[in-house]
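Number of protein chains: 2
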Amino acid sequence: MKNCVLCADILKPEEGELVWRGDDCRIVLVNDPDLPGFCRIIWNHHVGEMSELTFGEREVLMSLVFVVEDAIRHVMQPSKVNLASLGNQVPHLHWHIIPRYADDAFFPGSVWSTRTQQTPGSVLEVRKQKARDLPEAIRAAISQLH
Amino acid sequence: MKNCVLCADILKPEEGELVWRGDDCRIVLVNDPDLPGFCRIIWNHHVGEMSELTFGEREVLMSLVFVVEDAIRHVMQPSKVNLASLGNQVPHLHWHIIPRYADDAFFPGSVWSTRTQQTPGSVLEVRKQKARDLPEAIRAAISQLH
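Top to bottom, those sequences are chains A and V. Positions in the first sequence are counted from 1; adding 3 to them yields this note's numbering. Positions in the second sequence are counted from 1; adding 3 to them yields this note's numbering.
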């Protein structure tokens with residue numbers, strides 16, 4: 004769709020790293036300084052809502068969401084994982100999969116809530132190092148799906 | 004789990020209305036004055052993350068999430084539906100399914116973001132009336148699943 008940033012499908016290096024691309028969707032490791040390990044799955048075609056997909060397409064997409072959740076749990080060892088498909092600002096189907104920690108910048112709120120604290124820099128640095136292992140862990144898990 | 008408000012499974016009338024209860028989960032129409040039509044699906048047992056469920060359980064739960072999304076789209080005619088499984092404050096698996104409108108109190112942010120505007124009372128009243136049809140629409144759709 005014209006003027007849709009997700010249809011444009013351009014990922015600037017400062018925005019994140021493309022982890023995996025399939026026929027239906029792509030997975031990005033988001034470069035968020037407060038939330039290392041934040042991943043996003045973007046449906047390639049312009050669709051607004053999950054219930055606009057066929058049952059098979061929903062299954063494909065949710066399987067990937069849960070693969071990423073599982074990889075985040077194993078690699079990042081978070082206190083909690085947050086899953087969300089909002090799209091109020093960009094109504095092109097995409098899922099946020101976010102590792103959360105009791106000392107992260109927004110805990111216990113959502114990552115769209117008011118900032119509550121500053122995570123120690125040394126802690127963030129350790130998490131950024133861990134997040135470097137995520138792309139390979141996600142790709143390995145996806146290869147097991149087929 | 005002890006001290007978990009969702010394990011306690013007590014729904015006060017002012018919190019919302021029980022729409023449907025199954026062996027695995029229950030569906031509540033949340034009484035949120037700003038967001039008529041807001042629904043929540045709660046997994047009955049204490050589980051933290053989607054990837055702790057079996058593949059079959061995930062499918063059951065997500066089928067219900069999409070049934071509710073679809074019913075919300077038909078009954079409430081929102082601009083967008085938001086789906087989220089967060090659980091930072093209550094780490095017992097539950098999904099929020101929320102109809103969103105360009106004039107709602109938090110648009111275009113998440114419903115956990117800063118309030119942006121006041122929806123006109125007459126508009127909210129119409130939406131509250133529509134939301135009264137949701138429980139029956141959801142139950143009818145679930146009966147078609149089986």
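Note that CB positions come from ideal geometry on N, CA and C, so glycine has one too. Only a predicted model underlies this, so the values are computations on that prediction, with no experimental measurement involved.
Item: Partner residues on chain V for P111 (chain A), Cβ-Cβ distance less than 8 Å; Value: N91 and Q92
Item: Chain A within 8 Å of A87 (chain V), Cβ atoms only; Value: yes
Item: Length-filtered (4 minimum) alpha helix (DSSP H) runs lying within the segment 94-120 of chain A; Value: none
Item: Candidates V:G25, V:P102, V:M53 and V:L89, of which the one nearest A74 (chain V) by Cα; Value: V:P102
Item: Interface positions of the segment 57-86 of chain A facing chain V (Cβ-Cβ less than 7 Å), listed along the chain; Value: R61, M65, F69, E72, D73, R76, K83, V84, N85 and L86
Item: Chain-order list of residues whose beta-carbon lies under 8 Å from that of V84 (chain A) (same chain, five-residue window excluded); Value: E72, I75, R76, I100, I101, P102 and R103
Item: Cutoff 8 Å: R159 (chain A) Cβ touching any chain V Cβ; Value: There is no way to answer for residue 159 (chain A), as the model of chain A reaches only from 4 to 149.
Item: Pairwise C-alpha distance: V22 (chain A) and D136 (chain A); Value: 11 Å
Item: Residue range of the unbroken alpha helix (DSSP H) whose run includes L64 (chain A); Value: F58 to M79
Item: Interface partners of W46 (chain A) on chain D, CB under 7 Å; Value: Among the protein chains of the structure shown, namely A and V, there is no chain D.
Item: Under the three-state DSSP convention, the category S82 (chain A) falls into; Value: coil
Item: 8 Å Cβ cutoff met for A108 (chain A) and D37 (chain A); Value: yes
Item: Length of the line joining the Cα atoms of P138 (chain V) and I44 (chain V); Value: 13 Å
Item: C-alpha distance - H48 (chain A) paired with W98 (chain A), whole-angstrom precision; Value: 14 Å
Item: Proximal residues of chain V, C-beta to C-beta of M4 (chain A) below 9 Å; Value: Near M4 (chain A) there are no residues of chain V at all, since even the closest Cβ is about 15 Å away, more than 9 Å.
Item: Residues bridged to A2 (chain A) (per DSSP); Value: Residue 2 (chain A) is absent from the structure shown; chain A starts at 4 and stops at 149.
Item: Against chain V: residues of the segment 108-134 of chain A by CB proximity under 9 Å; Value: F109, F110, P111, G112, S113, V114, W115, S116 and T117
Item: Assigned exposure category for G25 (chain V) - 16 Cβ within 10 Å defines buried; Value: exposed
Item: Neighbour flag for S146 (chain V) against chain A, beta carbons, 8 Å; Value: no
Item: Neighbouring residues, chain V, relative to R43 (chain A) (Cβ below 9 Å); Value: By Cβ distance, chain V contributes nothing, its closest Cβ being about 14 Å from R43 (chain A), past 9 Å.
Item: C-beta contact flag for L9 (chain V) and A134 (chain V) at 8 Å; Value: no
Item: Under 8 Å by beta carbon: chain A residues contacting E52 (chain V); Value: E72, R76, K83 and V84
Item: M4 (chain V) to S125 (chain V) span [Cα, whole Å]; Value: 42 Å
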